[in-house]
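Remarks on the structure that follows.
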Amino acid sequence: MKVLVTGGAGYIGSVLSRILLEKGYSVTLLDRLFFGTDSIKDIADRVTVVKGDVRWFNPDLLKGIDAVLDLASLSNDPSGELDPEKTLEINYEGRVRVATLAKKYRVSKYVLASSCSVYGFQDGILTEESSLNPLTTYAKASANAEREVLPLADKSFSVTVLRQATVYGFSYRMRFDLAINGMVLGFFKNGQIPIMRDGKQWRPFVHVKDTSNAFIKVLEADPDLVNNQVFNVGSNDQNVQIFDLAQAVAESINLPFKYEWYGSPDTRSYRVSFGKIRDRLRYKTSYTPRDGAKEVFEALKTGALNGDDPRTITVKWYKNLVESFSLVKSVELNGVIL
Ligand SMILES: NC(=O)c1ccc[n+]([C@@H]2O[C@H](COP(=O)([O-])OP(=O)(O)OC[C@H]3O[C@@H](n4cnc5c(N)ncnc54)[C@H](O)[C@@H]3O)[C@@H](O)[C@H]2O)c1
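Counting in this note's numbering, the sequence shown runs from 831 upward without gaps.
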């Protein structure tokens, strides 16, 4: 089976692609490679890598592809606010383009990598039926994309939306801007876990291998179970309060629990139900935040991860890219004027 993974060199995509290879899938990655190729260098001879943009790649790439896992995007709230127009172009219109072309090229399954952030912050336990309350450009782009890709579903084109919880754990394109990974890095560097005030806020989490396995579950499921469906991806026991989470992170690393507060009190809190994916697809997570914290800490200790790699804070890296791009453009412009 031939699978196209957009954003395949990213934090989730680079883990997902390896699992797909282990399972015998033929894998093509479409990615702008904004974070370079380190994340895929050891699998580069086993996958087809296409450096391209979801907004304008040549659709012939989709010839012979059986399934598209659509992960490419500017991948968090702060990055989404750097240039809201571009965020909507990529995260909304780009995804709709990928899905529309996939249908046209007779791909049989399309899976959208969405986010629980489409719920915004609401009371109660949020299910796939809850109303959406996207609060940021990033969340709005995902909600818009969901709304337009789902109606493309028909008997021969299966469309599924996966609303992922916040992800954690080791990846080949590491992200320390994700809560658990950031806590571990703070602990590693300063012996203290940074905790956003006041620590009582609830958030849902999922390990990067578990979320990758959710994509594969959908890929392998009977279309009747997944077509035109939305699933939250995570597990009910990983809805956690931030202070408790920090404590678990410290315990898993086996160091005294020291922490430092940052930010002003965060009233943004939400809990999500993961019953649908569990019951309908028999999906179970295998990893806990403790496992993820331990593996990230070990990787920092052995040097497998570099906590100073500027690419690991997504918004800072995109800012650098935008600034260096503007610099190149102004130099070119000066060249023309002179
Ligand atoms: N990591 C999380 O906690 C999380 C949670 C919920 C949802 N998601 C979603 O899952 C997906 C993957 O997230 P991630 O954490 O791996 O992010 P990431 O930033 O590590 O990966 C995104 C990849 O997409 C590529 N990309 C960006 N714009 C592109 C474009 N226009 N054309 C082609 N490629 C482009 C980047 O180069 C990068 O390799 C994203 O859609 C994200 O919004 C992530």
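Yeah, the Cβ is synthetic: ideal placement off N, Cα and C, and Gly gets one too. Owing to the predicted nature of the structure, the values given are computational and were not obtained by experimental measurement.
Distance from the C-beta of Gln994 to the nearest heavy atom of ligand 1 is below 7 Å.
A distance criterion of 7 Å places the beta-carbon of Ile920 in contact range of ligand 1, judged by its closest non-hydrogen atom. Within the DSSP bridge table, the entry for Asp984 names Phe987 as partners. Excluding five sequence positions before and after Ala983, the CB atoms of its chain that fall closer than 7 Å to its own CB belong to Val989, Asn1057 and Asn1058, given in chain order. With 16 or more other Cβ atoms from the protein chains shown falling within 10 Å of its own Cβ, Glu1125 counts as buried. For Thr1144, the closest C-alpha among the options Val926, Glu911 and Thr836 is that of Glu911. Cβ contact annotation for Cys946 (same chain, cutoff 7 Å, sequence separation greater than five): Arg993, Gln994, Ala995, Pro1034, Asn1062 and Val1102, in chain order.
Of the residues Gly950, Leu918, Pro889 and Leu956, the one whose Cα lies closest to the Cα of Ala929 is Pro889. Residue Asp900 holds the alpha-carbon nearest to the alpha-carbon of Val941 among Ile955, Ser1001 and Asp900.
Relative to ligand 1, the beta carbon of Gly924 is positioned inside 7 Å of a heavy atom. Of all C-beta pairs linking the segment 884-898 to the segment 961-981, fewer than three are shorter than 8 Å, placing the two stretches out of contact. For Tyr1092, the enclosing beta strand (DSSP E) covers residues Tyr1089 to Tyr1092. Considering only Gly854, Leu850, Asn1136 and Leu1151, the residue with the shortest C-alpha distance to Asn1011 is Asn1136. Excluding five sequence positions before and after Tyr1117, the CB atoms of its chain that fall closer than 8 Å to its own CB belong to Gly999, His1037, Lys1039 and Asp1040, given in chain order. The Cβ atoms of Gly1021 and Lys1088 lie closer than 8 Å to each other. Exclusion of the five residues before and after Phe987 leaves Lys933 as the residues of its chain whose Cβ lies within less than 6 Å of its Cβ. By the Cβ neighbour-count rule, Val1014 is buried, with 16 or more other Cβ atoms within 10 Å of its own. With 16 or more neighbouring CB atoms inside 10 Å of its own CB, Pro1119 falls in the buried class. Ser945 carries a strand assignment under DSSP once its states are collapsed to helix, strand and coil. The three-state reading of DSSP puts Leu860 in strand, counting E and B together. Contact between Val884 and Gly838 is ruled out by a C-beta separation of about 12 Å, above the 8 Å threshold. Per DSSP, the continuous beta strand (DSSP E) segment holding Asn1069 begins and ends at Asn1069 to Gln1071. Taking each of Arg848, Arg1110 and Glu976 in turn and checking the Cα distance to Lys871, the smallest one comes out for Arg848. Measuring C-alpha to C-alpha distances from Leu834 to each of Phe1017, Lys939 and Val926 identifies Lys939 as the nearest. The beta carbon of Tyr841 sits closer than 6 Å to the beta carbons of Ser1001, Arg1003 and Arg1005 from its chain, once the five residues preceding and following it are set aside; these are given in chain order. Taken through DSSP and simplified to helix, strand or coil, Pro1034 comes out as strand. Measuring C-alpha to C-alpha distances from Leu1049 to each of Met1026, Tyr1113, Val1070 and Ala1009 identifies Tyr1113 as the nearest. Relative to ligand 1, the beta carbon of Val879 is positioned no closer than 7 Å to any heavy atom.
If you look at Asn1084, you'll find it isn't in any alpha helix (DSSP H); DSSP assigns it neither H nor E. Contact between Ser972 and Asn921 holds, with the beta-carbon distance rounding to 6 Å and staying under 8 Å. If the five residues before and after Lys881 are omitted, its C-beta is found closer than 8 Å to the C-beta atoms of Asp861, Arg862 and Leu863, all from its own chain and listed in chain order. Collapsing the DSSP output to three states places Lys853 in coil.
With fewer than 16 other Cβ atoms inside 10 Å of its own Cβ, Phe1155 counts as exposed.
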